[in-house]
Structure formats: structure tokens, C-alpha cells
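First up is the structure itself, then whatever we jot down about it.
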Amino acid sequence: MMEFLYFPEDKTKYIPAVISLILFFIGATITMYIIYKASKKEEKETDKLFNIQRRDSQDGNHKKDK
13 MMEFLYFPED
23 KTKYIPAVIS
33 LILFFIGATI
43 TMYIIYKASK
53 KEEKETDKLF
63 NIQRRDSQDG
73 NHKKDK
């Protein structure tokens, strides 16, 4: 009926698949951690730049009012 499914009688044939699954999962987790850290760093730099620009523009508005 379902000849395309292959379930080996010897369960040790699953070991390489489990090992590769674990390695890819660990690699994906590390990659997501690196992306998360880089994103947080970029967010801080953007907030710092935005606050400097906003402060400069507010100072410029006060100078124009005088």
C-alpha cells in the first residue's frame, strides 16, 4: 500500500538522522542567537542616533523661536 515509506527493522539506522537533526537544530539556535544580538545592537545604535537627531531638531526649533 505505502511502499514509499521505509521504516527499517534495525533502529540503529535512525541514529545518523537524529544526529544530523540535533546538529542542525543547534546550528539554527546559534544562528538565531547571533541575529538577535546583532539586532539588539543595531536597535541601540538607531535609538542613540534618533535621540541625537531629535534633540538637535528640538534645539533648532527653540533657537528659531527666540
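In the working numbering, each residue's number is its place in the sequence shown (first place is 1) plus 12. Ideal Cβ positions, reconstructed from N, Cα and C, are used throughout, including at glycine. These figures come from a predicted structure and were not determined experimentally.
Query                                                                                                                       : Result
Neighbourhood of residue 57 by C-beta distance below 7 Å, restricted to the same chain and skipping five residues each side : none
Length of the line joining the Cα atoms of residue 47 and residue 37                                                        : 15 Å
Sequence-distant residues of the same chain with beta carbon closer than 7 Å to residue 22, five excluded per side          : none
Coil, strand or helix - residue 37 by DSSP                                                                                  : helix
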